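Participant: I'd like to ask you about the structure that follows.
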Amino acid sequence: MRQPRHADPRRLQLHDRVRHGTVLARDQVVRDRRRDEPDHAQHDRQAARPARPVTAPHAPLPAGLPLDAEFDHAAVAARRIRDLLPLYRDTLGGEFHLGGDNVRVGYRGLQLSFRGGGRIELLEPLPGSAFLDSFFRRSPLGGLHHVTFLVRQDMDRTITSLEGLGYRVHGASEADPEWHEVFLHPREAHGTLLQIARPGPDHGPAAGYTLDDVLAGTAPNGCGIPSR
87 MRQPRHADPR RLQLHDRVRH GTVLARDQVV RDRRRDEPDH AQHDRQAARP
137 ARPVTAPHAP LPAGLPLDAE FDHAAVAARR IRDLLPLYRD TLGGEFHLGG
187 DNVRVGYRGL QLSFRGGGRI ELLEPLPGSA FLDSFFRRSP LGGLHHVTFL
237 VRQDMDRTIT SLEGLGYRVH GASEADPEWH EVFLHPREAH GTLLQIARPG
287 PDHGPAAGYT LDDVLAGTAP NGCGIPSR
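In terms of the numbering used here, the sequence shown is residues 87 to 314.
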């Protein structure tokens with residue numbers, strides 16, 4: 087762009103220096119004002135910023151709940167437990183807690199415990215079992231199968247409490263003395279299968295066997311057939 091004929095380059099340079107000096111002086115005045123302003127003014131500016139959310143401590147459970155339940159674990163099913171181990175064991179740090187085969191129902195499961203106390207159960211079908219067939223038709227890659235809560239009262243009382251609240255239960259079983267259970271169908275629990283169980287006194291972490299024993303089918307109650 088051409089300059090007008092009357093524009094003197096020396097005048098333009100002088101004008102730029104004066105304007106630049108004015109900007110610097112104005113900025114210095116702003117800094118001085120902020121330095122000298124009362125503390126409450128700085129506090130007002132900080133208070134205008136969005137506050138970080140504060141996590142409140144967990145409130146105690148109210149007395150008189152229908153079920154004296156506590157969360158135990160969530161179960162994830164896949165066609166092979168070995169396909170789940172790179173994520174839940176090797177990446178997220180799960181440590182072997184317990185496991186074995188349920189030959190009557192037709193699945194192999196093992197639980198991993200995590201820092202903080204949470205546990206994940208990994209499930210796969212036993213050879214020739216149709217137990218998870220309908221699940222895999224809905225979820226070909228596998229996924230969340232059920233969520234388990236434990237109760238202290240006997241199963242009859244648990245079922246009575248649930249039915250009194252209008253829930254329809256199914257799958258009640260007391261065949262295993264160490265594990266009485268009942269289920270709420272996903273239709274009753276907003277899309278999630280809920281298992282509610284009362285463990286026996288000897289139910290606890292694995293003793294005398296390992297995760298590899300479970301996968302080999304040689305853990306207690308193992309069917310003797312190794313996982314693929």
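Every residue, glycine too, gets a C-beta built ideally from N, C-alpha and C. Predicted model only: the values in this text are computed from it and were never measured.
(1) Around the Cβ of A267, are there at least 16 other Cβ atoms within 10 angstroms (buried) or fewer (exposed)?
(2) Which same chain residues, not among the five before or five after C309, have their C-beta less than 7 Å away from its C-beta?
(3) Going by beta-carbon coordinates alone, are I167 and L208 separated by less than 8 Å?
(4) Work out the CA separation of P272 and D299 for me, nearest whole Å.
(5) Can you tell which of Q281, L170, R194 has its C-alpha closest to the C-alpha of V233?
(6) Out of I206, L297, P291, W265, state which residue places its alpha-carbon closest to the alpha-carbon of V237.
(7) Thinking C-beta only, is L198 closer than 8 Å to F182?
(8) Given E249, which residues of its chain have a CB within under 7 Å of its CB, disregarding the five upstream and five downstream residues?
(9) May I ask you to list the residues that DSSP assigns as paired with N307?
(10) Among R194, A160, L151, G185, which one has its Cα closest to the Cα of R314?
(11) Looking only at C-alpha atoms, which of L184, P226, P285 sits nearest to Y295?
(12) Taking just the CA atoms, how far does M241 sit from R284?
(13) Please name the residue, chosen from L251, I245, P291, G229, that lies closest to S259 on a Cα-to-Cα basis.
(14) Using DSSP bridges, identify the partner residues of A163.
(15) In this structure, how does DSSP classify R194 when only helix, strand and coil are distinguished?
(16) Span of the alpha helix (DSSP H) holding V300?
(17) Which one of P287, Y174, Y253 has the shortest CA to CA distance from A275?
Facilitator: With the given structure in hand:
(1) At residue 267 the sequence reads Glu, which differs from the Ala that was named. Result: buried.
(2) D187, V189, L212, G303
(3) yes
(4) 33 Å
(5) Q281
(6) W265
(7) yes
(8) V255
(9) Answer is none; N307 lacks a bridge partner.
(10) R194
(11) L184
(12) 7 Å
(13) I245
(14) L209, G229
(15) strand
(16) 297-302
(17) Y253
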